[in-house]
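> There's a structure below that I have some questions on.
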Amino acid sequence: MTSARFLTAPDGTRFRDLNGNGVMDPYEDPRRSVDERTDDLLGRLSLEEKVGLMFQTVIEVGEDGELLETPGKISKSPTTTVVVHKNMTHFNVHAIRTARQAAAWNNALQALAETTPHGIPVTISTDPRHAFVENTGVGFAAGPFSQWPEGLGLAALDDVETVREFAEVARREYVAVGIRAALHPQIDLATEPRWGRQAQTLGQDAARVAEFTAAYLRGFQGERLGPDSVACTTKHFPGGGPQQDGEDAHFPYGREQVYPGGMFDYHLEPFREAIRRGTAGVMPYYGMPVGLELDGRAVEEVGFGYNKQIVTGLLREELGYDGVVVTDWELVNDNHVGDQVLPARAWGVEHLTASERMEKILDAGADQFGGEECVEMLLDLVRAGRVLEERIDASARRLLRVKFELGLFDDPYVDVDEAERIVGNAEFRAAGERAQARSLTVLVNEGATLPLRPVSAVYVEGFRAGDVDELGTVVADPADADLAVVRIGAPFDPRDDLFLEAWFHQGSLEFAPGLVYRLQKIAASCPLVLVVNLDRPAILTPFVGHASAIVADYGSSARAVLDALTGRVAPRGRLPIEIPRSMDAVRASREDVPSDTGDPVFPVHFGLELAGVEDAPEPSRGYVHR
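Just so we're aligned, residue 1212 is where the sequence shown starts under my numbering, counting upward by one.
Quick look at the structure:
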């Protein structure tokens, strides 16, 4: 699709006449530098337009790719309201059903943006959507996109090139449908075993996570932002892993972030690398540091998004970062969804009014309010003299620069047919599924149970019968089986009071006694192969000595699991986190210290290789590394 505003200047330069005056103004001139174009446009914008740039919220996709002109399941306002009337140009997309739907929606959204006074194109962002976790507050299952292991699975492969390959594929798929901003990578260190957001991390080893971060950014952004790039927002600065008792800072009971081991700088290490590699954005976490001192000064006990010592002092001044800082979602206002509420994550400043919170966030150094659309509140602050227009200009300039660098002002439209050809194509899917299989980590393999061979009768749980036809006839009673293959998830304490809580796996890492007893009984009847999905560690101690094989996965299809268990693809995973021996050991460990549970049943980087099983040759790649 192309815009009706494409014109040709007298000298032959093709440009988009975004303000409709028939003249190629400097900001519309593709030959000029990003700085020239940014400065020209900034000088033309009204206060309302500049303020609109500073908000990013969720809008939803119509069933057939049309604009949704009603509030959605999550979105609060019709699309025209936020784009035309609130001058907003950054939006986070949630559910995507097909590539064609997403591409058509992007084109419709960009056409609507052209009707605004200066035609500022929209930047569409997304949380991770190439794996298995479906959590509105964290990420989405792959749907039409190629499917890869979660971040922990990429870390388990311990292969920088696979991380780059994943990022390169994901970039191509994003760009095909018009998604030009990634609210990732999540490079928090998984040092607290109970924390509910480990699945999307890249493990606990700071030095290795830094290397993965560099590869991730190279795959998404290239060596520098350009028309084929996806701009990354690296999160959660300065490291969101050490949550007190592992409770997540989305929720009031998880607001405290602690450093009992004095490891603040360790958690900062991957972010130093992200800044060196030119990450387009940085997102501070919700967490409120407790008892933290930097350079001999106590750090204010307020959420990191409110914290001037962290955002301006550390990120901007000490680390030299001058890119976009976007807050995590809903620091200003409560979020009401149906009959549930998620309080504003105003940790340490709960007593402030919404406008006072906004003022403090700006003073801290943020450029954009995530999950908010209250533009009038910021306009009132400027009109009242509480926020200077020069402060608005500084953030607007950073936000506009990224749009120019991405080439959105020159052509934000996508080819709907090409999107269908690229997204989720057979080659990308095969690469993702192979990575899934290779990431599986063999923890126990008694008597060379693995690789599996066909038997007469097999008992299964967590698989459909058709998934395991190759192993033998499926029977209903383990007593009648020659082999049992059981797939389970890591344990958690179900919660569902606050919005989003039900999707977060938090609390105890111990399996329920009834499940332990039943699986031990199965293991007494026939050899048990236990596959455990680790979205965070699990206490596997009750199964060691009972199960003939124990295998960890981090997001894998049934086919990928069987490929690994049978040796068609060699499982090469190594634990990116340690597996504690007991909950007592977890409770005694320090939240910020890696591998601190004393005597783990399986240490970090542990993993067995299957005798006689080798990786098959890599399939040829149909894409070029930039």
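For every residue, glycine included, the Cβ atom is placed at its ideal position computed from N, Cα and C.
Fair warning: this is a prediction, and the values are worked out from it, not measured in the lab.
#1: Helix, strand or coil: which one does DSSP assign to residue 1699?
#2: Using alpha carbons as the reference points, say which of 1708, 1743, 1279 lies closest to residue 1698.
#3: Taking the alpha helix (DSSP H) that residue 1614 belongs to, which residues open and close that run?
#4: Three or more C-beta pairs closer than 8 Å, one from the region 1675-1685 and one from the region 1379-1390: is that the case here?
#5: With DSSP collapsed to three states, give me the class of residue 1467.
#6: With distances taken Cα to Cα, identify the nearest neighbour of residue 1503 among 1757, 1521, 1491.
#7: Where does residue 1314 sit, in a helix, a strand or coil, going by DSSP?
#8: So, at 6 Å on beta carbons, what are the nonlocal neighbours of residue 1837 in its own chain, with the 5 sequence-adjacent residues on each side left out?
#9: Sorted by chain position, which residues of the same chain lie with C-beta nearer than 8 Å to residue 1216's C-beta, five sequence neighbours on each side aside?
#10: Got a sec, what are the start and stop residues for the alpha helix (DSSP H) residue 1263 sits in?
#11: Could you give the uninterrupted runs of the beta strand (DSSP E) lying entirely in the region 1344-1421, keeping only those of 3 residues or more?
#12: With distances taken from CA atoms, which of 1654, 1554, 1511 is nearest residue 1463?
#13: Name the two residues that bound the continuous beta strand (DSSP E) containing residue 1670.
#14: Tell me, please, which residues DSSP counts as bridged to residue 1581.
#15: Taking the C-alpha atoms as reference points, what is the distance between residue 1337 and residue 1353?
#16: Using a Cβ-Cβ cut-off of 8 Å (strictly less than) and excluding sequence neighbours within five positions of residue 1733, which residues of its own chain qualify?
#17: Can you grab the Cα-Cα spacing for the pair residue 1219 / residue 1644, in whole Å?
#18: Bridge partners of residue 1446, per DSSP?
#19: In the structure shown, what three-state DSSP assignment does residue 1504 receive?
#20: Below 8 Å, how does it come out for the region 1366-1385 and the region 1293-1306: are there three or more Cβ pairs, yes or no?
#21: For residue 1478, which residues does DSSP report across the bridge?
#22: Would you call residue 1830 buried or exposed, if buried means 16 or more other Cβ atoms sit within 10 Å of its Cβ?
#23: For residue 1223, count the other beta carbons within 10 Å of its own beta carbon; 16 or more makes it buried, fewer makes it exposed. Which is it?
#24: Which same chain residues, not among the five before or five after residue 1822, have their C-beta less than 6 Å away from its C-beta?
#25: Please name the residue in 1804, 1605, 1761 whose C-alpha comes closest to that of residue 1896.
#26: In three-state terms, what does DSSP make of residue 1424?
#27: So does the region 1478-1496 actually touch the region 1516-1531, counting three or more Cβ pairs closer than 8 Å?
#28: Spell out the partners DSSP gives residue 1684 in its beta bridges.
#29: On the DSSP letters alone, give me the boundaries of the beta strand (DSSP E) that residue 1551 sits inside.
#30: Do you know offhand how far residue 1825's Cα is from residue 1783's?
#31: Could you check where the alpha helix (DSSP H) with residue 1573 kicks off and where it finishes?
#32: Applying the criterion that 16 or more other CB atoms from any shown protein chain within 10 Å of the CB defines a buried residue, is residue 1225 buried or exposed?
#33: In whole angstroms, give me the CA-to-CA distance for residue 1715 and residue 1239.
#34: From the DSSP secondary-structure annotation, give me the bridge partner or partners of residue 1628.
#35: Should residue 1835 go down as buried or exposed, given a rule of 16 or more other Cβ atoms within 10 Å for buried?
According to the data block:
#1: Residue numbering aside, residue 1699 sits at position 488 when the sequence shown is read from its first letter. In the structure shown, residue 1699 sits in a strand (DSSP, three-state: E or B).
#2: Start at 1 with the first residue of the sequence shown, and residue 1698 comes out as number 487. Residue 1698 has its Cα closest to that of 1743, out of 1708, 1743, 1279.
#3: The residue labelled residue 1614 in the question sits at position 403 within the sequence shown. Segment 1600-1616, the alpha helix (DSSP H) holding residue 1614.
#4: no
#5: If you number the sequence shown from 1, residue 1467 lands on position 256. Here residue 1467 sits in strand by DSSP.
#6: As a position in the sequence shown, residue 1503 is number 292, starting the count at 1. It is 1521 whose Cα lies nearest to the Cα of residue 1503.
#7: Here residue 1314 refers to the residue found at position 103 when the sequence shown is read from its first residue. Helix, per DSSP.
#8: On the sequence shown, position 626 is the one that residue 1837 refers to. Its pLDDT being 28, under 50, residue 1837 is placed unreliably by the model, and the measurement read from it follows with that caveat. 1433.
#9: Working through the sequence shown from its first residue, we reach residue 1216 at position 5. These residues qualify, in order along the chain: 1227, 1228, 1229, 1231, 1325, 1330.
#10: Position 52 of the sequence shown, counted from the first residue, corresponds to residue 1263. From DSSP, the alpha helix (DSSP H) with residue 1263 extends over 1258-1263.
#11: 1390-1393
#12: On the sequence shown, residue 1463 is found 252 positions in, with the first residue counted as 1. Answer by Cα proximity: 1554.
#13: For the purposes of this step, residue 1670 is taken as residue 459 along the sequence shown, with counting starting at 1. Element bounds for residue 1670: 1668-1672.
#14: In the sequence shown, residue 1581 corresponds to position 370, counting from 1. Answer by DSSP bridge pairing, in chain order: 1267.
#15: Numbered from 1 along the sequence shown, position 126 holds the residue referred to as residue 1337. Numbered from 1 along the sequence shown, position 142 holds the residue referred to as residue 1353. One C-alpha to the other measures close to 12 Å.
#16: As a first step, residue 1733 is located in the sequence shown; it is residue number 522 there, counting from the start. Around residue 1733: 1670, 1689, 1695, 1697, 1739.
#17: For the purposes of this step, residue 1219 is identified with residue 8 of the sequence shown, where counting begins at 1. For the purposes of this step, residue 1644 is identified with residue 433 of the sequence shown, where counting begins at 1. Spanning the two alpha carbons is a distance of roughly 46 Å.
#18: The residue labelled residue 1446 in the question sits at position 235 within the sequence shown. Partner(s): 1397, 1494.
#19: Taking the sequence shown and counting its residues from 1, the one referred to as residue 1504 is at position 293. Reduced to three states, the DSSP call for residue 1504 is strand.
#20: no
#21: As a first step, residue 1478 must be located in the sequence shown, where it is residue number 267. Residue 1478 pairs with nothing; no bridge assigned.
#22: Along the sequence shown, read from residue 1 onward, the residue named residue 1830 stands at position 619. In this predicted model, residue 1830 has a pLDDT of only 44, less than 50, meaning its place in the structure is not dependable; the value taken from the coordinates is given anyway. Classification of residue 1830: exposed, given that the 10 Å Cβ count is below 16.
#23: Taking the first residue of the sequence shown as position 1, residue 1223 is located at position 12. It counts as exposed.
#24: In the sequence shown, residue 1822 corresponds to position 611, counting from 1. If we look at residue 1822 and ignore the five residues flanking it on each side, it has no Cβ neighbours.
#25: Coverage of the chain is limited to positions 1212 through 1837, which leaves residue 1896 absent and any answer about it impossible.
#26: For the purposes of this step, residue 1424 is taken as residue 213 along the sequence shown, with counting starting at 1. Of the three classes helix, strand and coil, the one that applies to residue 1424 here is helix, per DSSP.
#27: yes
#28: In the sequence shown, residue 1684 corresponds to position 473, counting from 1. Answer is 1668, bridged to residue 1684.
#29: On the sequence shown, position 340 is the one that residue 1551 refers to. Segment 1551-1553, the beta strand (DSSP E) holding residue 1551.
#30: On the sequence shown, position 614 is the one that residue 1825 refers to. On the sequence shown, position 572 is the one that residue 1783 refers to. Roughly 10 Å between the two C-alpha positions.
#31: Locating residue 1573 in the sequence shown gives position 362, where the first residue counts as 1. Its alpha helix (DSSP H) spans residues 1565-1575.
#32: By one-based count along the sequence shown, residue 1225 stands at place 14. Under this definition residue 1225 is an exposed residue.
#33: Position 504 of the sequence shown, counted from the start, is the residue given in the question as residue 1715. Position 28 of the sequence shown, counted from the start, is the residue given in the question as residue 1239. Roughly 45 Å separates the two Cα atoms.
#34: As a working mapping, residue 1628 is identified with position 417 in the sequence shown. Per DSSP, none; premise fails for residue 1628.
#35: For the purposes of this step, residue 1835 is taken as the residue at position 624 of the sequence shown. Low per-residue confidence applies at residue 1835: pLDDT is 32, beneath 50, and the placement is therefore not dependable, though the value from the model is reported in the following sentence. Answer is exposed; the Cβ neighbour count stays below 16.
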